[in-house]
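One structure is given here, and the rest of the page talks about it.
There are 2 protein chains.
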Amino acid sequence: MLDTIRRGFERFGFVPVETPVFELKDVLLTKSGGETEKQVYFVQSTGSLQQGHEADLALRFDLTVPLARYVAEHERELVFPFRRYQIQRVYRGERAQRGRFREFYQCDIDVIGKDKLDPAYDAELPAIIVRIFEELNVGEFTIHFSNRKILLGLLASFGIDDAEKQKLVLRDIDKLDKIGRPKVREALVDLGLKDIIADRLLSLITHTGSKEELLAALRAEKAEHPVFLQGLMELSQIVVSLKALGVAENRTRLNLAIARGLDYYTGTVYETFIDAHPEFGSVCSGGRYDDLAGLYTKSKLPGVGLSIGLTRLYDQLNMHNLLPQVPHNVQILITQLDPQLSSVYLSLGTELRHAGYNVENYLEPAKLDKQLKYADRAGIPLAIIIGENEQSKGNVLIKDLMAKSQLELPRTELINRLKNIIHHKD
Amino acid sequence: MLDTIRRGFERFGFVPVETPVFELKDVLLTKSGGETEKQVYFVQSTGSLQQGHEADLALRFDLTVPLARYVAEHERELVFPFRRYQIQRVYRGERAQRGRFREFYQCDIDVIGKDKLDPAYDAELPAIIVRIFEELNVGEFTIHFSNRKILLGLLASFGIDDAEKQKLVLRDIDKLDKIGRPKVREALVDLGLKDIIADRLLSLITHTGSKEELLAALRAEKAEHPVFLQGLMELSQIVVSLKALGVAENRTRLNLAIARGLDYYTGTVYETFIDAHPEFGSVCSGGRYDDLAGLYTKSKLPGVGLSIGLTRLYDQLNMHNLLPQVPHNVQILITQLDPQLSSVYLSLGTELRHAGYNVENYLEPAKLDKQLKYADRAGIPLAIIIGENEQSKGNVLIKDLMAKSQLELPRTELINRLKNIIHHKD
């Protein structure tokens, strides 16, 4: 899965970045706060501990803080827009339990601009994720996206421009799945929204039409608040670009209810769901932010990013037996039938490896039966057997462990014939 | 480099293992002791710290302790011999300075047997390393190997069978490079070795002939101590197997002086040197051990392993400008000349990616010149330009940024022609 994700990121021209696992404690704690702060792992060497120092290092708990520090530190050398991906483990001081990990893989992809960043990137990132999830073969999935400017602009155009109140409205909207539309409507009215406004808002949020239809409905609002208009323009461009990028219509959904827990984002927001398993929650989330590294540099660095929580996804797929079968990375076992022929076995191994195959030589003296059982148990599909008999005829015996068939052929033809046999098995 | 190493391990049928970065403090400290103990990083979450607990977790400082714990824990499920490789970062509480790292990559490959493990593996591992270092393209290198049983058995046959005294002899031998043969001879005589014995020992240790010649010289000793005979048999088998595996003669050297700092090993030992840079020290070391996990399980688990200290090697190659050039992973930049054509650019990107290329779409509006400079600076070899003019003719313009040449051709021919252009550049 890691390989597929990496390949996907690179196919779109993103470059890998790795950062140290340690960040200065103060850097990590400035950024976090609240829940995350309780989950930071502090680190101290024996020496430092003995000298009675306090820990000044901590383990990264996400890949965003390291990105911000990295970009601020290398601002002069980097070419902007800076397109990087980072696949590393992050650490959180959780109690180990199902679905909660103390150490897990995060796969982040971000584009960072200097001063400005074109909305075109907001379409490219989900197109990359679509390609990757299709290759990961995890079943049907949908990337839900929205733009926080839409709801905030709409609310402002309805006269609700107090930031605190806007937050309360968004929080109520977030409960839609749990408490249902009538109760959310009630809550919105309690917050001071007129009945008609609450209804219009809710019908937009629960809109089930196509992206174009929802865009048309938004345009029909004729709201003229500049934040709303900006959001609408950005959303429209994403929809056009997704089409040009060849992303299938049903892979993305414009969903204004996507707002929760994404306060950090200022424009586009994304959440990704496995269609058959909404209970997994979002398996890839992200969005656009106005300024990545305001704490570390005076430059304004807007960005957009998406993050795959790979360990959790893997765990969930595994629990539901949804992990795609991966072929074993060893393709051929060369058995050891006659210790006198061990040089023959070793040099055949070298020859097959030069031909590009992953080959294991069985090196312990053991009964053939045991060796074949080993191959079978290890998932190695082919075994090669050369006994005194085959050797004297210049032949080799290939045993297909799944088809339970075997084939004797001249050793000189082996490499050529293997091509077909292995290709056939793929 | 990581990819090459991984591919090399897998070509010989080894399977990857990753273990958590955390080990229980007690597990780590039992194993280490001395210097290493001072370098352990202890880890504690905010919550645990606030409750006044002591740290019970620590970061791994090598991949051997995690391997031992892993094998002991999964002993029942594993198939033995267990052939695993592990490429992960390890952590040591060093002061950050040139050549000393607090976090560095280690690439370990080991075979673990149950109760016994054939000496054939002692030849397979260096053959794998030879293949990998050749692909890494780091210049000429030599794997020095020996077997601790040879010197220990010889000493015993000379009547020096006290383990402490043997250790002192080995320590003196280790100084050969620094203080020269006469002073080492003096030290050996001081330890009670007869003159003639010291000379015989030193002439074996400084032997510069071929592996076969040194083996012959060892046989000529006619020492009959069983430890010596066992070592001689193992060494002879390695020499034969290396040949059968097609390892070039000059890639390995039988060198009895290889003994230092490898007390942990009980048989074969290895050290690898870059020929032109002996000052790098050994860049890949290892050996055979009698029992991997005696602390965690009653089973006897003999093993043999080799470890590449990749971060240090990379740093040294980098300092000496010896790092092989790696082509940029982005092959094509599609420029954005006319915003009206942005859908054309996006869909061309998708098409080229489906054809297997790594392609970046320039998505910011910018002057063509700036875009080409960006490609140049980022090391992207080809740029594709489509303006109104090319679009109306159904053409595309390919710019080769290194050759500073360009080529206009029908878009329908693009994919076919790219094959030659990109292949030609590789």
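Taken in order, these protein sequences are the chains called U and Z. Mind the numbering: the first sequence is residues 622 to 1047 in the working numbering, read in order. Mind the numbering: the second sequence is residues 622 to 1047 in the working numbering, read in order. Even for Gly, the Cβ is constructed at its ideal location relative to N, Cα and C.
Quick check on Z/HIS674: does DSSP put it in helix, strand or coil?
Three-state DSSP puts Z/HIS674 in coil, outside helix and strand.
For a contact meaning CB atoms closer than 7 Å, what does U/LEU984 contact in chain C?
Although the question refers to chain C, the structure presented lacks it and instead comprises the protein chains U and Z.
Measuring straight from C-alpha to C-alpha, what distance separates U/GLY852 and Z/ALA676?
Approximately 49 Å, taken between the alpha carbons.
Checking contacts by CB at 8 Å: is Z/GLU724 closer than that to chain U?
Judged by the 8 Å Cβ criterion, Z/GLU724 is in contact with chain U.
Where the beta strand (DSSP E) through U/GLN707 begins and ends
Counting along the chain, the beta strand (DSSP E) containing U/GLN707 begins and ends at 703 to 712.
Beta-carbon neighbours of U/LEU866, restricted to chain Z and to distances below 8 Å:
What U/LEU866 touches in chain Z: LEU967, SER968, GLY970 and THR971.
CA-CA distance, U/ASP1047 and U/GLY1000?
For U/ASP1047, the predicted model reports a pLDDT of 48, less than 50, meaning its position is unreliable; a value from the coordinates is still stated below. Straight-line Cα distance between these residues: approximately 14 Å.
Among U/ASP997, U/SER862, U/ILE750 and U/VAL700, which one has its Cα closest to the Cα of U/ILE895?
Comparing Cα positions, the closest option is U/ILE750.
For a quick check, are the C-beta atoms of Z/THR763 and Z/THR625 less than 8 Å apart?
Between Z/THR763 and Z/THR625, the C-beta spacing is not below 8 Å.
Where does U/ILE859 sit, in a helix, a strand or coil, going by DSSP?
Here U/ILE859 sits in helix by DSSP.
What number of angstroms, rounded off, separates the C-alpha of Z/SER653 from the C-alpha of Z/LEU772?
Reliability fails at Z/SER653, whose pLDDT of 48 lies under 50, so the model's placement of it is uncertain and the value that follows must be treated cautiously. If you take the alpha carbons of Z/SER653 and Z/LEU772, they lie about 26 Å apart.
Where U/ARG1032 meets chain Z, residues with beta-carbon distance less than 8 Å
By Cβ distance, chain Z contributes nothing, its closest Cβ being about 15 Å from U/ARG1032, past 8 Å.
For chain U, find out if any of its Cβ atoms is closer than 8 Å to the Cβ of Z/THR667; answer yes or no.
Judged by the 8 Å Cβ criterion, Z/THR667 is in contact with chain U.
Compare the Cα-Cα distances from U/LEU789 to each of U/LEU814, U/GLY801 and U/THR932 and report the closest residue.
Minimum Cα distance to U/LEU789 is reached at U/LEU814.
Drop a sphere of 10 angstroms on the beta-carbon of Z/GLN952, count the other beta-carbons inside from all chains shown, and report buried for 16 or more, exposed for fewer.
Under this definition Z/GLN952 is a buried residue.
Range of the contiguous alpha helix (DSSP H) that encloses U/ARG632
Membership of U/ARG632 in the alpha helix (DSSP H) is indicated by the continuous run 623 to 632.
Say whether the segment 1001 to 1013 of chain Z touches the segment 751 to 770 of chain U, bearing in mind that this needs 3 or more beta-carbon pairs closer than 8 Å, one atom from each stretch.
Flag = no, the segment 1001 to 1013 of chain Z and the segment 751 to 770 of chain U do not touch.
State the DSSP-derived secondary structure class of Z/LYS1067, mapped to helix, strand or coil.
No information on residue 1067 of chain Z is available, as it lies outside the stretch 622 to 1047 that chain Z covers here.
Between which two residues does the alpha helix (DSSP H) harbouring U/TYR995 extend?
989 to 999 is the span of the alpha helix (DSSP H), which, as asked, contains U/TYR995.
Alpha carbon to alpha carbon, how far is Z/TYR691 from U/TYR712? Give it in angstroms, no decimals.
One C-alpha to the other measures close to 21 Å.
CA nearest to the CA of Z/TYR1048, picked from Z/LEU684, Z/GLU696, Z/LEU1022 and Z/GLN727
The structure shown does not extend to residue 1048 of chain Z, since chain Z is modelled only from 622 to 1047, so the question has no answer here.
Runs of 3 residues minimum, wholly inside the segment 911 to 953 of chain Z: which ones carry the beta strand (DSSP E) assignment?
924 to 930, all fully within the segment 911 to 953 of chain Z.
Using the C-alpha atoms, what's the distance from U/LEU943 back to U/LEU931?
Cα-Cα distance, rounded: 14 Å.
Would U/VAL686 and U/LEU649 be called neighbours here (beta carbons separated by less than 8 Å)?
Cβ distance < 8 Å, so U/VAL686 and U/LEU649 count as in contact.
On the DSSP letters alone, give me the boundaries of the alpha helix (DSSP H) that U/ARG802 sits inside.
Note, U/ARG802: alpha helix (DSSP H), 802 to 811.
Within-8 Å CB hit, U/PRO1002 to chain Z
Contact with chain Z is absent for U/PRO1002, since none of that chain's Cβ atoms lies less than 8 Å from the residue's Cβ.
Taking DSSP's pairing of strands, which residues face U/TYR891 in a bridge?
According to DSSP, U/TYR891 shares a beta bridge with U/PHE766 and U/GLY907.
Looking at the secondary structure, which residues open and close the alpha helix (DSSP H) in which U/SER1013 lies?
U/SER1013 -> alpha helix (DSSP H) spans 1009 to 1014.
Using the Cβ count rule (16 or more neighbours within 10 Å means buried), how would you classify U/MET1023?
Label assigned to U/MET1023: exposed.
Are the segment 728 to 746 of chain Z and the segment 910 to 926 of chain Z touching by the rule of at least three beta carbon pairs closer than 8 Å?
Segments in contact, yes.
Would you please state the rounded distance, in angstroms, between the beta carbons of Z/ALA844 and Z/LEU775? I believe it to be under 8 Å.
Their Cβ separation, rounded to whole angstroms, is 6 Å, which keeps Z/ALA844 and Z/LEU775 in contact under 8 Å.
Skipping 5 residues on each side, what residues in its chain have a beta carbon closer than 7 Å to that of Z/GLY970?
Counting only Cβ-Cβ distances below 7 Å, and skipping sequence neighbours, we find ILE955, VAL980 and ASN982.
Close Cβ partners of U/GLY830 (< 8 Å) along its chain, the five nearest in sequence each way excluded
These residues qualify, in order along the chain: ALA838.
Leaving out the 5 sequence neighbours to the left and right, which residues in its chain are closer than 6 Å to Z/GLN707 when beta-carbon positions are compared?
Once the five neighbours on either side are set aside, the close Cβ partners of Z/GLN707 are VAL638, LEU684 and ASP729.
Taking only three categories from DSSP, how would you classify U/SER653?
Only weak support exists for where U/SER653 lies, its pLDDT of 48 falling under 50; the coordinates are left without a value.
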